[in-house]
Structures are given as C-alpha cells and as structure tokens.
Amino acid sequence: MDRIPLVDYLVLGDDPHLVANECTSCGARYFDRRSACASCGLQDFRTVEIAGTGTLRSFTIVHFAAEGVEVPFVAGLVDCDGTSVRGNVVNVPPDPEHVTLGMKVRLTTVPVGTDEAGVEAVGYGFEPAS
Amino acid sequence: MDRIPLVDYLVLGDDPHLVANECTSCGARYFDRRSACASCGLQDFRTVEIAGTGTLRSFTIVHFAAEGVEVPFVAGLVDCDGTSVRGNVVNVPPDPEHVTLGMKVRLTTVPVGTDEAGVEAVGYGFEPAS
Amino acid sequence: MAENVWILGIHMTNFGKHRDKDILDLGSEAAIGALQDAGVGIKDIGVLGAGNLMGRGGFGQLLQKQIGQTGIPVYNVTNACATGATALRVAIMAVKAGETDMGLAVGVEKLAGAGLLSGNVRAAEGGHWVRDGRYGAVAPLDGRVGTETMPGVFAQIGMEYGHRYGGADFELFAGISEKNHAHSTLNPKAAYQKRFTLDEIMNDMMIAYPNTRPMCSANCDGAAAAVVVSEAKLRTLSLEQQRRAVKISASVLTSDPYQEACQVLPDVNTLTRQAAATAYEQAGIGPEDLDLVELHDCFATAELVHYDNLSLCEPGGAVDFFKSGAPWRDGRTPVNVSGGLQSKGHPISATGIANIWEIATHLRGEAGERQIADAKVGMAHVIGLGSACGVHVLEKSAL
Amino acid sequence: MAENVWILGIHMTNFGKHRDKDILDLGSEAAIGALQDAGVGIKDIGVLGAGNLMGRGGFGQLLQKQIGQTGIPVYNVTNACATGATALRVAIMAVKAGETDMGLAVGVEKLAGAGLLSGNVRAAEGGHWVRDGRYGAVAPLDGRVGTETMPGVFAQIGMEYGHRYGGADFELFAGISEKNHAHSTLNPKAAYQKRFTLDEIMNDMMIAYPNTRPMCSANCDGAAAAVVVSEAKLRTLSLEQQRRAVKISASVLTSDPYQEACQVLPDVNTLTRQAAATAYEQAGIGPEDLDLVELHDCFATAELVHYDNLSLCEPGGAVDFFKSGAPWRDGRTPVNVSGGLQSKGHPISATGIANIWEIATHLRGEAGERQIADAKVGMAHVIGLGSACGVHVLEKSAL
Ligand SMILES: [Zn+2]
Ligand SMILES: [Zn+2]
Numbered sequence: 001m002d003r004i005p006l007v008d009y010l011v012l013g014d015d016p017h018l019v020a021n022e023c024t025s026c027g028a029r030y031f032d033r034r035s036a037c038a039s040c041g042l043q044d045f046r047t048v049e050i051a052g053t054g055t056l057r058s059f060t061i062v063h064f065a066a067e068g069v070e071v072p073f074v075a076g077l078v079d080c081d082g083t084s085v086r087g088n089v090v091n092v093p094p095d096p097e098h099v100t101l102g103m104k105v106r107l108t109t110v111p112v113g114t115d116e117a118g119v120e121a122v123g124y125g126f127e128p129a130s
Numbered sequence: 001m002d003r004i005p006l007v008d009y010l011v012l013g014d015d016p017h018l019v020a021n022e023c024t025s026c027g028a029r030y031f032d033r034r035s036a037c038a039s040c041g042l043q044d045f046r047t048v049e050i051a052g053t054g055t056l057r058s059f060t061i062v063h064f065a066a067e068g069v070e071v072p073f074v075a076g077l078v079d080c081d082g083t084s085v086r087g088n089v090v091n092v093p094p095d096p097e098h099v100t101l102g103m104k105v106r107l108t109t110v111p112v113g114t115d116e117a118g119v120e121a122v123g124y125g126f127e128p129a130s
Numbered sequence: 001m002a003e004n005v006w007i008l009g010i011h012m013t014n015f016g017k018h019r020d021k022d023i024l025d026l027g028s029e030a031a032i033g034a035l036q037d038a039g040v041g042i043k044d045i046g047v048l049g050a051g052n053l054m055g056r057g058g059f060g061q062l063l064q065k066q067i068g069q070t071g072i073p074v075y076n077v078t079n080a081c082a083t084g085a086t087a088l089r090v091a092i093m094a095v096k097a098g099e100t101d102m103g104l105a106v107g108v109e110k111l112a113g114a115g116l117l118s119g120n121v122r123a124a125e126g127g128h129w130v131r132d133g134r135y136g137a138v139a140p141l142d143g144r145v146g147t148e149t150m151p152g153v154f155a156q157i158g159m160e161y162g163h164r165y166g167g168a169d170f171e172l173f174a175g176i177s178e179k180n181h182a183h184s185t186l187n188p189k190a191a192y193q194k195r196f197t198l199d200e201i202m203n204d205m206m207i208a209y210p211n212t213r214p215m216c217s218a219n220c221d222g223a224a225a226a227v228v229v230s231e232a233k234l235r236t237l238s239l240e241q242q243r244r245a246v247k248i249s250a251s252v253l254t255s256d257p258y259q260e261a262c263q264v265l266p267d268v269n270t271l272t273r274q275a276a277a278t279a280y281e282q283a284g285i286g287p288e289d290l291d292l293v294e295l296h297d298c299f300a301t302a303e304l305v306h307y308d309n310l311s312l313c314e315p316g317g318a319v320d321f322f323k324s325g326a327p328w329r330d331g332r333t334p335v336n337v338s339g340g341l342q343s344k345g346h347p348i349s350a351t352g353i354a355n356i357w358e359i360a361t362h363l364r365g366e367a368g369e370r371q372i373a374d375a376k377v378g379m380a381h382v383i384g385l386g387s388a389c390g391v392h393v394l395e396k397s398a399l
Numbered sequence: 001m002a003e004n005v006w007i008l009g010i011h012m013t014n015f016g017k018h019r020d021k022d023i024l025d026l027g028s029e030a031a032i033g034a035l036q037d038a039g040v041g042i043k044d045i046g047v048l049g050a051g052n053l054m055g056r057g058g059f060g061q062l063l064q065k066q067i068g069q070t071g072i073p074v075y076n077v078t079n080a081c082a083t084g085a086t087a088l089r090v091a092i093m094a095v096k097a098g099e100t101d102m103g104l105a106v107g108v109e110k111l112a113g114a115g116l117l118s119g120n121v122r123a124a125e126g127g128h129w130v131r132d133g134r135y136g137a138v139a140p141l142d143g144r145v146g147t148e149t150m151p152g153v154f155a156q157i158g159m160e161y162g163h164r165y166g167g168a169d170f171e172l173f174a175g176i177s178e179k180n181h182a183h184s185t186l187n188p189k190a191a192y193q194k195r196f197t198l199d200e201i202m203n204d205m206m207i208a209y210p211n212t213r214p215m216c217s218a219n220c221d222g223a224a225a226a227v228v229v230s231e232a233k234l235r236t237l238s239l240e241q242q243r244r245a246v247k248i249s250a251s252v253l254t255s256d257p258y259q260e261a262c263q264v265l266p267d268v269n270t271l272t273r274q275a276a277a278t279a280y281e282q283a284g285i286g287p288e289d290l291d292l293v294e295l296h297d298c299f300a301t302a303e304l305v306h307y308d309n310l311s312l313c314e315p316g317g318a319v320d321f322f323k324s325g326a327p328w329r330d331g332r333t334p335v336n337v338s339g340g341l342q343s344k345g346h347p348i349s350a351t352g353i354a355n356i357w358e359i360a361t362h363l364r365g366e367a368g369e370r371q372i373a374d375a376k377v378g379m380a381h382v383i384g385l386g387s388a389c390g391v392h393v394l395e396k397s398a399l
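Quick mapping for you: the protein sequence lines, in order, are chains A, B, C and D. The numbers in the working numbering rise by one with no breaks, and the one at position 10 of the first sequence is 10. The numbers in the working numbering rise by one with no breaks, and the one at position 122 of the second sequence is 122. The numbers in the working numbering rise by one with no breaks, and the one at position 91 of the third sequence is 91. The numbers in the working numbering rise by one with no breaks, and the one at position 13 of the fourth sequence is 13.
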C-alpha cells in the first residue's frame, strides 16, 4: 500500500524520522519552507535529520478543540537534542499522572487515514521512551 | 396581503415615499440609522419626507453582477430636490439611448418577492417622469 | 527629541453581551465617550487609529460616518489581540511626528458567543490527499501535530515556565484565576463579576489542562477609545483638562525576535521582555515604581510568565511572586485589579485600549470602590499572537 | 519641524499570475528586493508597515518569519485599495516621529482569477423576511437599490462628472483606456502589455456601462516594498545610495469629509482634492511642475475625475485635458505611463507602493524604454473606497 507523510518534514520508510531545513549560515532550523532565514536573513538551507528522542519540555491536555478533532489528546513540545519539535504525546493515557514535564519520549508514527486511491497518510507523535 | 418595505426608509401605503433621518442641527440627511451626524457630530435627528421626483444625476448599466442579481439593470443616482437618492432606474429599456443624464424621474415601487408567510416585500425604483 | 504625548480623554463601554448593538454602536459609544471625557469634539481630532478584527473591514471609515466625517487620515490596523494598542500607537506616532496635535484611537469587537477561537479551519479534503501550504500538509494539523487552540497554546506557555523553574502546578495557575475573579467583583464594567473559590475553578470544565473554563479569557462585546494630545497643545487647554490628563511616559510595540523554539510554540516572552525593558527606559522608572499593572492574562497560564517578562519579580521568580500575594490588589504590585481578561472580558481589539483606561482611571483617582490608593504610575501590557506586544507606562499628571 | 524622509530602496515584483507563489513568496521577493536596492539588511530596519487584504491576517509577522525576525514593531494596516500607501505612511511616520531612522513597507495581494469584487454577499433568507442592518433591509440591496459592484460604482462616478461638465461620453472614457494600454506595451512588469484600438475597447464585453472589460483594473498577483530613511541617516550612507535615493516631498493620507451625496455614491473627489492640495503645499510645488503622474485608474471612468481632482487641469476641464493629449506619455503631463491599473494590474495592497516604485524608477532614470526623459518630480495617487486617499510627491535626489 502506498503511504504519504502528513507533512513534508516527516520521512517514512524503515526508520521514520523528521528532517528540517537548516540555515547553512547560522544553523537555525525550520520545518517549513522559508524564503530566507528568520534568524539571520540569508537564503541558503540544507536538509538535516532531527534526533528521534527527546525530553518533553511542555504539554497541555486538550479537552476542547475544533470540530473533527478527537479529544482529549496531549499536545506537547519536545526538545530533540536541541531542536524543539511540536507533536502529540501518544500511547499514554491523556492525564497529568501519566504525562509529566521532563519525561523522555521518542518519535513514532501515527495513522491519519486512507484516501479513495488507497493511499495511507501517516503522521507522527511522541511516546514514552522509558 | 401583508407587505413589508425592502428598507426602513421606504414608506408604503397609498402614497409610497422615502423618508430620511435629518440632523436637527445642520440638516444633513441619512437613510440609515446613525449614532451621530457625520456632518456636524450632533446626535438629534427628525424624520423627513423625501421628494418623490427628481433628476438623474448619474447612472450605469450593470451587465455583470453578483450571483442572483438580474442583469442588465440600470443603477442610478437621483437628485430629489436637493437630497441624493440611490436607486434603480426601472420601466425603461436598459440602454444609453433610453436612459440619459439629466432625465426627469419619479419614485415607484417594485416587487421583491413573497416569503413563506405570504408577506410581500416591496422595494423602490425610479421611472421616467416625462 | 519628539515631544511628550498625553491621554486627554478615554472611555470604555461595559464589557459583556450587547445583543442590540453592532460594532458601530459600540465604537461610537466609546469614541464619543472619549471625546466628551477629553472635552473636545471630533473636529479637533487630526488622526484616527481604528482597530477591529472580526468585522468586514474598513471599520475606521464606517465609524466616521457615525461620529463625524472630517477628512482626517484613518489607519485601520490589526495585530491580533494587540490591535487596540496598535491603533493607539498610530495615533501617538502621528502626534509625535508633528502631523497633528490631537488623535483618536478606537478598538471594538463583537465576540459574545463566539466559542473557541481555533487556528486551523482547513476542511478535510475528500477523494485524495493533496499537499498544501509550506509544510506540505495533507490534512489539517490542528489536533494531529499539537494544538492550535488558544487555551492549549497558552497552557503550554505556562507549563514550559513550570518546566524551567518548577513550582507551577495546576493549583498555582488556578490561584491566579481566583485572584482575578476576586478583583472583578469591584469592577462594574466587567463582563463577569463573580468570585470563585479555588475548588470551583479547579473543578470547572477542563478546556486545555491546566486551564479550566474560568481560567480562560471571556469572549464578549465591547469597545474602548482614547484621545491623545501633544504636550504643547495640552498646555493651552483648561486646568481641569490638564489635571485629568494622563502622561504617556512610554509607548512601545514589539514583534517576536527569532528564538530557537518559536516556530513550534509562539514565544510570548522575548518580545514582552524587550518591550518592558524599552518601556522602563523610556519612562525612566523601574518595576518597583509601578502602583498597578494590567497585563494580558488571556489565560491564567499566561499571567504567570508575564510577572517575569515584565520584571515584576526576579528572573525565574514568578511562582514565588504570586505566592507572596504581591499581585493581589492589596499586595506589593497589584496586577489586573480590573479582573483581567478572565472576568472583565476580552473583546479583542478593544482590550489594548481598555487596559489603558483601567490604569488611567486609577491615576485620575476615579476608580471608585476598586481604586488603588494614591496610584501615580501604572503599566498596561497586551500581546497578540503572531506576535505583537504593546507596553505603555502611564503617569498621573503633575501639570 | 520633523525631518525629511527619503526612499532608499524600492522594489516591485512582476504583476500577473504567480501560480506557484503564495503571498509570503511574493512579499518576501518584494521586501528582499527593496532591501537589496537600498543596500541594507533587515537588521537595519526599525519598523515594518505591512499591507494585505485578502489573506488570513497577521501578514507582517508572517513575512518576518521569511525575511528575518528582528523584534521591530509591526503595523498590519488596511485601507482598501489604499492599503499599500497606508503601510508606507506608517513607516514614514515612525521615522518622522524619531522612533527609528529606517523603515520598511510591504504590500502584497493574490487576486488572479478573483473575478468580480462585489460588496453585498448576504445570502437571501429562506422562510420569512428579517430586517437586518442599519437600513433594516429584508433582502440584499446590491442590484435592488443600485449597484455595489466596483465597475458600476466607478462608472457612476465618471458619469456624474459628465453630467456636471459635459463631454464625457463612452468614446472619451474608452480613449483613456486606449492610452493606458498603449503605455503598457513599454512596461515589462505589467500583467498585460497589449495595445487595443478604440474600437476593440468599445466592442469588448460590457461590464458596467460605460466600462467595458479592458476599461477595468486587472485582478492579478503582485507585491511591492519600499525602504524609507531619515535624511540624517541618508547623509551617512554612500554617495551611490544618496544619488539613487528619492525624496518624499509630500506624503498625505485623507478620508472623505461629509458631502451631501456621499451616503449614496462614494465621493472620491473631495478627499482626493484635499490630499492633492495638502501635498502641493507640503512639497512647495504646483501641478505644472509634475513630470509624470501615476493615478488610481481602477476604471477608465475614474481616471477622468482625478485629472481634475489632482488639479492637472482647470476645474471642470478634464475632458479637454484628455482631448488635448496631455496625459499621453509624450504629452504635457504624462499620466500612468506604467499602463495603469487597467493593464499593469491591481493587486490591491501592492498598488499603493507599486505606483511609487514607478515614479521613483523614472526619477532615478532607470525606467528603460518607457523612461520619461529628465523626470525630476512625480506624483503617485491611490484611493480605496470607504474611503482613503494617499498622495505622495517624489523628487529626484539633489544630494
Ligand atoms: Zn540563518
Ligand atoms: Zn448635523
């Protein structure tokens, strides 16, 4: 079955991982396409791989969201070896007893759905790594 | 059958006419509700009747309009004895041979439609007065 | 050196539900109120800064048709929740630039019943996946890659502070909300004037942990307006006008400088710290001189970080600052004695002028039951995501 | 007396269809182009005025994320078709107010294929009539009480001039369009660079009599940006920068003062006349000193009235002025040598900076094939309904 990543910066395959556009001048990293670097203003980027493990630096447990979004879910901010990544914290009960600041997490993939052509979209999240 | 005017400033009945909110201080006239007078800033208004005949001071013949608007139609600006009124020019072929700058026109009513409760909405326009 | 600019008149409508009033009614009420408070008329005004986010555009000119069309330049501005402060800044800049000696700024919003304001509204696509936007996303990211809801974003902002410095737990955040709701009981213009216990707050409906419903800013309708004047012009006006005028000792607007994590979680800290530092320098005062502060508590979790960002406490000391009782109205640095956005309400574009109204009203000694005694200097802070931060320092007239 | 402000760098993207570029690509291209033209970097800039109407808001901050987040104040502004000029005015005011010595203004729009821009979008109500709004209307008024389409509104504005002074017939209006399309053939950045005969224009599709399709401004994509600098700062820069800098001799923004008929037909005349009169006074010049004019020909019918409003002719003399050949590029006062909005295109928020780019390019002697020889002084005019009018007078550097 064909698979497509939810976002361009998610690379699927045997070893799913995130990539970023890194400014070759100042090292700032961007998950989206940038016309120039928001940090230094230069316009040359290279692709770099982001570490797949990290520390949960912040989170919230969302109980009210836009229509079509399943709640509750845990939205988090993960420090992946110096690069901050946004993602849901998955494979853990969504409550403050099980999700704690500073916990170790690792990248994992999450199914998003399948379109009429049979292509599966795949997203990502972070799960407890301990 | 019940009738309702298309706009508050159209008074139906035996002698359909337009009314305006006139500033009691400077005489400026408004067809809509104003918090204060755009001309002098004061806040006291009285209702006045607008003359039912006038001169066509400007017009356009609209051939492209939003969905649901019947084209072509003539949109005009009528000088009713010193008060400028916006309205369609009706009961005349919509072409520049029949609609001319400076022509004399008079107010008339125009059916808008009937709702499910059987109430007929009535608008206004200006027709040649000669 | 450009000359000083003063607030000559200022007005805020009641915040809450105004079913029978549109944005023009509310904006007119605020504008006419500010003109009357200033003792001037629309023909004295040389520039209009106008803020409204949710309307159909062109608010400033629509407002002129309700209060007087005098031909003056109109600047319709937007800066998310900092829109009102931005409108005020434009009026101040026009005066400082010598383009006029008197300006009007108006902010208004109709938000009652608006529900959750969420970022991502892209509809899911039928048929087949289509990559869209600068992330090449095949589906909406809200809920799939973190959250774009405001309660959730600001929850993370508060939690991150907790991670860095410790001590910021659910109860602490709820306590901040308890304070603001308690303050609101003295503010007749607040949308909600109800005191809540800590238990009530913690057991209310959870929106985005740790923010429960009473810990979120209240969507409501409202408007606020201010008349600003050059110091030279002010000195030609009546003694009463000079006595009630409030000096704008600092007026600062910033955006967020690049920071490592700002692409994944809005950084409301750096731009606020920079705005505050610049404001203290402009005003020639320090945080210890502030008699009261209105800061942008769009969520209880936000108020905590701004104690630190505005230097009301030592770096990292916001939790201790709150626990000491300092930001209560009888504390060392009263914060949000109006009740804050959580109880006073948050009609977006009005907020950045309404907080200045609150400070000005205390400096004039006209705050009634909730007056902070002998208030001489105050600070008003507002932040809109994107981001924009406005900080104003106001001083009681010594003219 | 506030100091003079200059344009240090300015850039305009090609106007037309940019299928693979979003507003950030276009805005970045314009902004980076203006910075490069100015010989400075984003870190030299102290204020950002940002204009975009059709996007989702917060354009200025989104742009910063593409060209550099430096913490500077951002003003997102709107003023209908005068949005670009308003962004520029904010940057100029910040410099005049002494808040910074260099500012950036950017305007961008994606409009290609947008179709007719009409005012009234209220859906007809099913069931029963409901009175709505300040007219208590039970149904949309567009088409029932006149027209709210732009081609129709501006057709009436031109026809009213004809009623007042005579001589303005269909052929005359079409002739204005013939001129602008002829001019466009020399402008490689114009969305359309095709010459039309008078017959072709008059026999094209009628939109709103007397405006046929080629007589209407072209919806398209595009961006423009300008770097402004204080005169004091400019004098510290290189001789090359000083030589290419363009002096802003006048910068004026007005709104429409009350006039009897303005509630039923937007009055684009009075505010333009006031803006022009103020601009001539600020610049210390008269219309006879203008080497070229870019004016807001959103429709052929609009260009006629602005000959008069900008005092390019005697009062009431616009028809004779046009018939004399004066506004052709080889005439006495060349008007819209860029091709104007009818051929260059009209990406709304970009327009009020793009017209200044056109003038500046001639004053610098860099306009290539369409250069107006020895141009020393020019005027750029823009108007947005509601209304807002921006007029700038620019002068070749004498530094
Ligand atoms: Zn960089
Ligand atoms: Zn009046």
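We put the CB at the ideal spot given by N, CA and C, even for glycine. As the structure is a computational prediction, the values presented were derived from the model and not from experiment.
Just to make sure I have the definition right: I need the residues of chain D whose C-beta is within less than 9 Å of the C-beta of residue i. Which are they?
i, result
"residue 25 of chain A", "Neighbours of residue 25 of chain A on chain D: none; closest Cβ ~12 Å, over 9 Å."
Which bits of chain A does residue i rub up against, with CB to CB less than 7 Å?
i, result
"residue 328 of chain C", "Result: empty, since nearest Cβ-Cβ is about 27 Å, beyond 7 Å."
Could you name the residues that DSSP lists as bridge partners for residue i?
i, result
"residue 268 of chain C", "Answer is none; residue 268 of chain C lacks a bridge partner."
"residue 137 of chain C", "C/132"
"residue 81 of chain C", "C/79"
"residue 251 of chain C", "C/392"
If you measure from the CB of residue i, is any heavy atom of ligand 4 nearer than 6 Å?
i, result
"residue 37 of chain B", "Absent from the structure shown: ligand 4. Ligands present: ligand 1 and ligand 2."
Starting from the beta carbon of residue i, find every residue of chain C whose beta carbon is closer than 7 Å, and list them in chain order.
i, result
"residue 57 of chain A", "160 and 163"
"residue 73 of chain A", "143"
If you follow the alpha helix (DSSP H) that residue i is in, where does it begin and where does it stop?
i, result
"residue 24 of chain C", "23 to 38"
"residue 205 of chain D", "Neither: residue 205 of chain D is in no alpha helix (DSSP H) and is coded neither H nor E."
"residue 12 of chain D", "It is not in any alpha helix (DSSP H) - residue 12 of chain D instead sits in the beta strand (DSSP E) that spans 5 to 12."
"residue 351 of chain D", "348 to 363"
"residue 180 of chain C", "170 to 184"
"residue 16 of chain D", "Unbroken run through residue 16 of chain D: none, as it is neither H nor E."
Exposed or buried, residue i, counting other C-beta atoms within 10 Å across all chains shown (16 or more means buried)?
i, result
"residue 20 of chain D", "exposed"
"residue 127 of chain C", "exposed"
"residue 121 of chain C", "With a pLDDT of 44 at residue 121 of chain C, under the threshold of 50, the modelled position of this residue cannot be trusted; read the value that follows with caution. By the neighbour-count rule (16 or more Cβ atoms within 10 Å), residue 121 of chain C is not buried but exposed."
"residue 310 of chain C", "buried"
"residue 3 of chain A", "exposed"
In chain C, which residues lie less than 8 Å from residue i when you measure between Cβ atoms?
i, result
"residue 63 of chain A", "205, 206, 207, 208 and 209"
Please report the residue range of the beta strand (DSSP E) in which residue i lies.
i, result
"residue 396 of chain D", "388 to 396"
"residue 124 of chain A", "120 to 128"
"residue 79 of chain B", "73 to 80"
Report the neighbours of residue i on chain D: residues whose CB is nearer than 7 Å to its CB, in chain order.
i, result
"residue 97 of chain C", "2, 93, 96 and 97"
Run down chain D in chain order and give the residues with a C-beta less than 8 Å from the C-beta of residue i.
i, result
"residue 102 of chain B", "163"
"residue 408 of chain C", "With chain C represented from 1 up to 399, any question about residue 408 of chain C goes unanswered, as that position is not in the structure."
Report task. Give, in chain order, every residue of the region 15 to 40 of chain A whose Cβ lies closer than 8 Å to some Cβ of chain D. Result -> 34, 35, 36, 37, 38, 39 and 40
Query raised in the report: Using a beta-carbon distance cut-off of less than 7 Å, what residues from the region 236 to 264 of chain D approach chain C?
Result: Cβ contacts with chain C come from 253, 254, 255, 256, 257 and 258.
Requested in this report: Check each residue of the region 57 to 72 of chain C: if its Cβ is closer than 8 Å to any Cβ of chain B, include it; give the result in chain order.
Outcome: 64, 65, 66, 67, 68 and 69
Query - Contact residues within the region 18 to 41 of chain D, judged by C-beta distance below 8 Å to chain A - result: 24, 25, 28, 29, 32 and 41
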